[in-house]
Amino acid sequence: HAFKVTEWEMVQPASQRPLTSKPLGKWSTNDVQMSAVSLKDYIAVKQNVPKYLSRSTGHYAAKCFLKAWRPAVEGLTNSMTLHGHNNGKQLMTMPVAKCTLEIIYLLT
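Once you know that position 35 of the sequence shown is 15 in this note's numbering, the rest is easy, because the numbers rise by one and skip nothing.
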């Protein structure tokens, strides 16, 4: 399907970026509450994860258990590129991840 790039998603100089960090530049994570205590350390959505991009080029795979600090958006796109023809093609999964987050936002 067609995926249009908005002005927000285009690469901007660091001096023009807003100070608040939101997944894909849209949703605030301040109201996110984890009901499962065992998952709090493994789903990174709070201020301890400063960047909310879909790709970190493997920085979270450098040390043991560092993957737990990986942003949730990146985890979603990585899980969709595991098997088959689209193995490793994260840019193809970004429209799907964006639509998924839109649906989650509308349902909650």
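Even glycine gets a Cβ: it sits at the ideal position worked out from N, Cα and C.
query: State the Cα-Cα distance for the pair Gln13 and Pro51, rounded to the nearest angstrom.; result: 16 Å
query: Measure the Cβ-Cβ separation of Leu56 and Ala42 and say whether it is below 8 Å.; result: no
query: Excluding five sequence neighbours on each side, which residues of the same chain lie with their C-beta closer than 6 Å to the C-beta of Thr104?; result: Missing from the structure shown is residue 104; the chain here goes from -19 to 88 and no further.
query: If you check the beta carbons only, do Met72 and Asn66 fall under 8 Å apart?; result: yes
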